[in-house]
Amino acid sequence: MCQMLCGNDSNHGGEPTQEGSSRREFLAKGASALGAAMVSSAPIPALAASAQGGLSPESDARNQDLPRDTGASHRRYLLKGGAVLSMDPQVGNFARGDVLIEGKRIVAVGANLHAPGAAIIDAAGMIVMPGFVDTHHHQYQTALRSFLSDGLLFNDGLPHGEKNYLDYIHTRLTPVFRPEDAYLAELVSSLSQLDAGVTTVVDTSQVGHTPAHTDAVIRGLQDAGRRAVFVYSPGAGPGNIFPNDLQRIRSRYFASADQLLTLAMGGEVFDPAFRTYWAIGRQNGLPIVTHLVGSLGQETLVEQLASEGLLGPDLVFIHASRISEGSWQAIAQSGVNVSIAAPIEMAMRHGMPPIQSALDHGVQPALSTDVECTMTADFFTQMRTVFTLQRALINERALNGETNLPELLTCRDVIRFATLEGARVARLAHKIGSLTPGKEADILLLRSDALNVAPLNNVPGAVVTLMDRGNVDTVIVAGRIRKWRGALLDMNWTRLRAALEASRDYLLRAAGVERALF
Numbered sequence: 001m002c003q004m005l006c007g008n009d010s011n012h013g014g015e016p017t018q019e020g021s022s023r024r025e026f027l028a029k030g031a032s033a034l035g036a037a038m039v040s041s042a043p044i045p046a047l048a049a050s051a052q053g054g055l056s057p058e059s060d061a062r063n064q065d066l067p068r069d070t071g072a073s074h075r076r077y078l079l080k081g082g083a084v085l086s087m088d089p090q091v092g093n094f095a096r097g098d099v100l101i102e103g104k105r106i107v108a109v110g111a112n113l114h115a116p117g118a119a120i121i122d123a124a125g126m127i128v129m130p131g132f133v134d135t136h137h138h139q140y141q142t143a144l145r146s147f148l149s150d151g152l153l154f155n156d157g158l159p160h161g162e163k164n165y166l167d168y169i170h171t172r173l174t175p176v177f178r179p180e181d182a183y184l185a186e187l188v189s190s191l192s193q194l195d196a197g198v199t200t201v202v203d204t205s206q207v208g209h210t211p212a213h214t215d216a217v218i219r220g221l222q223d224a225g226r227r228a229v230f231v232y233s234p235g236a237g238p239g240n241i242f243p244n245d246l247q248r249i250r251s252r253y254f255a256s257a258d259q260l261l262t263l264a265m266g267g268e269v270f271d272p273a274f275r276t277y278w279a280i281g282r283q284n285g286l287p288i289v290t291h292l293v294g295s296l297g298q299e300t301l302v303e304q305l306a307s308e309g310l311l312g313p314d315l316v317f318i319h320a321s322r323i324s325e326g327s328w329q330a331i332a333q334s335g336v337n338v339s340i341a342a343p344i345e346m347a348m349r350h351g352m353p354p355i356q357s358a359l360d361h362g363v364q365p366a367l368s369t370d371v372e373c374t375m376t377a378d379f380f381t382q383m384r385t386v387f388t389l390q391r392a393l394i395n396e397r398a399l400n401g402e403t404n405l406p407e408l409l410t411c412r413d414v415i416r417f418a419t420l421e422g423a424r425v426a427r428l429a430h431k432i433g434s435l436t437p438g439k440e441a442d443i444l445l446l447r448s449d450a451l452n453v454a455p456l457n458n459v460p461g462a463v464v465t466l467m468d469r470g471n472v473d474t475v476i477v478a479g480r481i482r483k484w485r486g487a488l489l490d491m492n493w494t495r496l497r498a499a500l501e502a503s504r505d506y507l508l509r510a511a512g513v514e515r516a517l518f
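Letter 393 of the sequence shown, counting from 1, is numbered 393 in UniProt numbering, and no numbers are missing.
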């Protein structure tokens, strides 16, 4: 399927997956072939055969100067002459600096590095910085982009709640997903975020209706070739065997610690059995990821969990909106992590994003995108939203006469939330989050000589207040170049788009929901 739609088989060496089932065969076993609703009625294997090759860097004239075999253990290349924002105070920043990469790791960061035999990538006119880390994203919903643009989280009895996420996405649309819909959404969402510089995702795709659905999500993450934390979660219907599939998927997909994919445990606090799920996760040494929204009756739940001794640094609370002061004290004391999805929280009535509540209690939040059915999943939007919202709230307090005020967030602060804090919350800070020698090379080259940015006067300010995905020139994951000169490599968007539209049509039809184009 990756070769069918991406034109790339390098992520898995062209070999079949375990248990003798290739990705193509796996998807061919789905309830119906995507091709039936796509450009023809051909089954997936036939459609894949007609789509061999995709876009090849070697055949694309734009990419003749692309270094070969990046990410391979023997390969060295040097990013030279960029404005280096390392996010590591021990390394520092460089107005004109270099980053040396060997295999998948950063070897050196500094000015005027010499690397005989290394390929040279000219980074002049660009900002060189760590990739963004999205700590919460329901990627399986990609075919439903902007479907619920004006919707709220749930019908709380207040005005405007008729069209809401729980009724439409969770109750009506999610149950009709097939494995192939989940796979395709994971693949497209991952590639789209790579295009925008998000090199790591914590995928909270709660669509594990059957083991085949779970496999599809994981394989979509694998085939995209970026770093991901898969949060094992339940689905809907009689085929849902959560959490009893944990050992199978762990041994099949997560046996190695030296890979792009890692595993986490889901266990939503609105599920009566969540304590059991948390215990299973902890018995297996897995981090636990759960949503926490005070307006869903969870205002003081954290205080109860603290009294039971269930809080700890292995736990990630998503949103943490409208919760009690005692809850924040417990979060801070126990080292629980917090992921904030500010645009979604503001738009969907989760409550005010708890940026200041977290900071007031010494909790450094990570950022996340949540759902594309309502909001974009690029990180420039996330950073700008947090930056402007916190400053607006504190500035309003200043104008109202308060004097003992918190510090205003800086652009560097929100970049830290988007990189280092994200890596920490994803339990990957030993691998990524900063341009530190020894860490893996998840790196962005952002065009600072572009029409919307030049002249470059302040690096953090340019990233947060001026840039968008159009400024993302080059994206590197574990040393391997995935986007080059403004274009994703190994992707056939024409075929991907047709498949995604077909998946969308099936989902809406199966759920009995109409597309409101205007």
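Quick reminder that beta carbons are idealized off the backbone N, C-alpha and C, glycines included. Quantities reported herein were computed from a predicted structural model and do not represent experimental measurements.
- prompt: Residue range of the beta strand (DSSP E) that R96 falls in?
  reply: Position 96 of the sequence shown, counting from 1, holds the residue named residue 96. Residues F94 to E102.
- prompt: So, helix, strand or coil for P287, using DSSP?
  reply: Translated into positions along the sequence shown, residue 287 becomes position 287. The answer is coil: DSSP assigns P287 none of H, G, I, E or B.
message: Which complete alpha helix (DSSP H) runs does the region 139-205 hold, if anything under 4 residues is left out?
response: 179-195
query: Would the beta-carbon of D203 fall within 8 Å of that of H114?
result: Start at 1 with the first residue of the sequence shown, and residue 203 comes out as number 203. Start at 1 with the first residue of the sequence shown, and residue 114 comes out as number 114. Not closer than 8 Å, so no.
message: If I measure Cβ to Cβ from residue 591 and keep anything under 8 Å in the same chain, skipping five residues before and after, which residues do I get?
response: A query on residue 591 cannot be resolved here, the shown segment of the chain reaching from 1 to 518 and no further.
- prompt: Just reading off the beta strand (DSSP E) that V107 is part of, what are its end residues?
  reply: As a working mapping, residue 107 is identified with position 107 in the sequence shown. Taken as a continuous stretch (DSSP letters only), the beta strand (DSSP E) holding V107 covers R105 to G110.
Local Cβ density within 10 Å of G92, reported as buried at 16 or more and exposed below that: For the purposes of this step, residue 92 is identified with residue 92 of the sequence shown, where counting begins at 1. Answer is exposed; the Cβ neighbour count stays below 16.
query: Measuring CA to CA, which of Q382, D505 and A499 is closest to Q193?
result: Stepping through the sequence shown from its first residue, residue 193 is reached at position 193. For the residues Q382, D505 and A499, the minimum Cα distance to Q193 belongs to Q382.
- request: Compute the beta-carbon to beta-carbon distance between G237 and P175, rounded to the nearest angstrom, for a pair I have assumed lies under 8 Å.
  value: The count along the sequence shown starts at 1 and reaches residue 237 at position 237. The count along the sequence shown starts at 1 and reaches residue 175 at position 175. Correct: roughly 6 Å between the Cβ atoms.
Unbroken beta strand (DSSP E) run spanning R515, endpoints: The residue labelled residue 515 in the question sits at position 515 within the sequence shown. Counting along the chain, R515 falls outside any beta strand (DSSP E), and DSSP gives it neither H nor E.
field: CA nearest to the CA of A257, picked from A330, P89 and R227
entry: The count along the sequence shown starts at 1 and reaches residue 257 at position 257. Minimum Cα distance to A257 is reached at R227.
task: Whole angstroms is fine: what's the gap from H361's alpha carbon to Y77's?
output: Here the question's residue 361 lines up with position 361 in the sequence shown. Here the question's residue 77 lines up with position 77 in the sequence shown. Distance between the alpha carbons of H361 and Y77 is about 43 Å.
- prompt: Where DSSP assigns a beta bridge to A462, which residues make up the other side?
  reply: Taking the first residue of the sequence shown as 1, we reach residue 462 at position 462. None; A462 has no bridge partner.
query: To the nearest angstrom, how far is it from the Cα of residue 520 to the Cα of R391?
result: Given a span of 1 to 518 for the chain in the structure shown, any question on residue 520 remains unanswerable.
query: Taking the Cβ atom as the reference point for each residue, do I249 and T214 lie within a distance shorter than 8 Å?
result: As a first step, residue 249 is located in the sequence shown; it is residue number 249 there, counting from the start. As a first step, residue 214 is located in the sequence shown; it is residue number 214 there, counting from the start. A contact, by the Cβ cut-off of 8 Å.
Which of helix, strand or coil DSSP assigns to S339: Start at 1 with the first residue of the sequence shown, and residue 339 comes out as number 339. Looking at S339 - three-state DSSP - the assignment turns out to be strand.
message: Quick check on the DSSP output: what are the complete alpha helix (DSSP H) runs of length 4 or more inside the region 203-280, in order along the chain?
response: 211-224 and 246-253
- prompt: So does the region 303-319 actually touch the region 333-344, counting three or more Cβ pairs closer than 8 Å?
  reply: yes
query: Using DSSP with H/G/I as helix, E/B as strand and the rest coil, what is E303?
result: As a position in the sequence shown, residue 303 is number 303, starting the count at 1. E303: helix per DSSP, three-state reduction.
- request: Report the option in M87, T171 and Q247 whose CA atom is closest to the CA atom of E421.
  value: As a first step, residue 421 must be located in the sequence shown, where it is residue number 421. Per the Cα distances, M87.
- request: With a cut-off of 8 Å on the beta carbons, I'd call L517 and G131 a contact; round off their distance for me.
  value: In the sequence shown, the residue the question calls residue 517 occupies position 517. In the sequence shown, the residue the question calls residue 131 occupies position 131. Between G131 and L517 the Cβ distance is about 35 Å, and since that is not below 8 Å, they are no contact.
field: Contact between the region 392-401 and the region 149-166 (3+ Cβ pairs under 8 Å)
entry: no
query: Under three-state DSSP, which class holds V477?
result: In the sequence shown, the residue the question calls residue 477 occupies position 477. If DSSP states are grouped into helix, strand and coil, V477 belongs with the strands.
message: Can you tell me which residues form a DSSP beta bridge with W484?
response: On the sequence shown, position 484 is the one that residue 484 refers to. Answer is A487, bridged to W484.
message: Could you check whether S295 and D156 sit closer than 8 Å to each other, using their CB atoms as the reference points?
response: By one-based count along the sequence shown, residue 156 stands at place 156. By one-based count along the sequence shown, residue 295 stands at place 295. Yes. Within cutoff.
- prompt: In whole angstroms, what separates the C-alpha of A498 from that of Y232?
  reply: Residue mapping note: residue 498 aligns to position 498 of the sequence shown, counting from 1. Residue mapping note: residue 232 aligns to position 232 of the sequence shown, counting from 1. Looking at the two C-alpha atoms, the distance is approximately 29 Å.
message: What would DSSP say about M87, mapped onto helix, strand or coil?
response: Within the sequence shown, numbered from 1, the residue matching residue 87 stands at position 87. M87: coil per DSSP, three-state reduction.
Limits of the unbroken alpha helix (DSSP H) element including M383: Walking along the sequence shown from the start, residue 383 turns up at place 383. Here the alpha helix (DSSP H) through M383 covers F379 to L399.
task: Could you tell me which residues DSSP puts in a beta bridge with I318?
output: Your numbering for residue 318 matches position 318 in the sequence shown. Answer is H291 and S339, bridged to I318.
- request: Using the DSSP secondary-structure output, state which residues sit across from M467 in a beta bridge.
  value: On the sequence shown, position 467 is the one that residue 467 refers to. The partner list for M467 (beta bridge, DSSP) is empty, contrary to what the question assumes.
query: Nearest-angstrom Cα distance between R349 and D505?
result: For the purposes of this step, residue 349 is taken as residue 349 along the sequence shown, with counting starting at 1. For the purposes of this step, residue 505 is taken as residue 505 along the sequence shown, with counting starting at 1. If I take the Cα positions, the gap works out to 28 Å.
- request: Enumerate in chain order the residues of its own chain whose CB-to-CB distance from A398 is below 8 Å, with the five nearest sequence positions on each side excluded.
  value: Residue 398 sits at position 398 when you count from the first residue of the sequence shown. Excluding positions up to five away in sequence, the list reads L405.
- prompt: Are the beta-carbon atoms of Y140 and V188 separated by less than 8 Å?
  reply: The count along the sequence shown starts at 1 and reaches residue 140 at position 140. The count along the sequence shown starts at 1 and reaches residue 188 at position 188. In this structure, V188 does not lie closer than 8 Å to Y140 by Cβ.
task: Measure the Cβ-Cβ separation of I331 and V293 and say whether it is below 8 Å.
output: Along the sequence shown, one-based indexing puts residue 331 at 331. Along the sequence shown, one-based indexing puts residue 293 at 293. No, these two residues do not count as a Cβ contact at 8 Å.
- request: Measuring alpha carbon to alpha carbon, tell me which of D473, S368, G512 and L456 ends up nearest L466.
  value: Residue mapping note: residue 466 aligns to position 466 of the sequence shown, counting from 1. That would be L456, whose Cα lies nearest to the Cα of L466.
field: Residue span of the beta strand (DSSP E) that contains V363, given as start and end
entry: Walking along the sequence shown from the start, residue 363 turns up at place 363. Per DSSP, V363 belongs to no beta strand (DSSP E) and is neither H nor E.
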